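*Asks:* Numbering (the numbering used here), first residue to last: 15 to 185.
There's a structure below that I have some questions on.
Encoded structure:
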């Protein structure tokens with residue numbers, strides 16, 4: 015168990031949440047802003063596996079629930095599912111290939127938007143899914159993937175450094 019790795023992940027989680035809650039609303043277009051937490055949870059999942067994705071997703075979702083959600087546990091569940099599913103792709107994750115991570119982040123954000131629609135709006139008989147897809151889900155997914163192109167290499171660099179430090183401490 016590498017305490018340094020978990021401490022760095024916890025600090026990154028807090029940094030992503032703080033940026034999501036304070037800086038990104040000022041760069042939103044039409045109320046749409048990128049989802050840094052999805053980028054972080056998906057990246058943790060496919061870089062470190064299901065357990066790390068699940069745990070990271072839980073804590074990211076819990077922060078969202080505590081500081082902005084209506085029900086404690088709703089976003090925690092969605093982010094946990096996202097992290098776990100991305101963790102299943104760790105076996106085919108290659109750091110030098112950026113296509114798979116970007117596709118997974120795009121799919122994660124679109125899945126997040128659809129789950130939120132299904133659970134928050136459809137169950138309240140708001141049936142205009144076309145409007146929601148075109149005005150919220152697709153623009154947020156596109157904006158998130160554009161930001162992920164810049165953020166993902168930083169997360170990958172941190173991951174590589176942590177792996178190097180972890181291998182060095184085992185020898």
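Think of the CB as a built atom: it goes at the ideal place given N, C-alpha and C, for glycine as much as any other residue.
None of the values given here were measured: they were computed from a predicted structure.
#1: Using the Cα positions of residue 151 and residue 141, report the straight-line distance between them to the nearest angstrom.
#2: Among 149, 104, 61, which residue has its Cα nearest to the Cα of residue 175?
#3: Using a Cβ-Cβ cutoff of less than 6 angstroms, which residues in the same chain neighbour residue 93 once the five nearest sequence positions on both sides are dropped?
#4: Mind listing, in chain order, the continuous alpha helix (DSSP H) runs of no fewer than 4 residues lying wholly within the stretch 106-162?
#5: Over what stretch of residues does the alpha helix (DSSP H) that includes residue 79 continue unbroken?
#6: Pick out whichever of 159, 52, 33, 154 has its Cα sitting closest to the Cα of residue 100.
#7: If you draw a straight line from the alpha carbon of residue 146 to that of residue 42, how long is it in whole angstroms?
*Replies:* This is what the structure gives:
#1: So the two alpha carbons sit approximately 15 angstroms from each other.
#2: Selected option, being the one with the closest Cα: 61.
#3: Hits under 6 angstroms: 55, 71, 74, 75.
#4: With a minimum length of 4 residues, the continuous alpha helix (DSSP H) runs that stay inside the stretch 106-162 are 113-130, 143-146.
#5: Secondary structure note for residue 79: its alpha helix (DSSP H) is the uninterrupted segment 64-82.
#6: Considering only 159, 52, 33, 154, the residue with the shortest C-alpha distance to residue 100 is 52.
#7: Spanning the two alpha carbons is a distance of roughly 17 angstroms.
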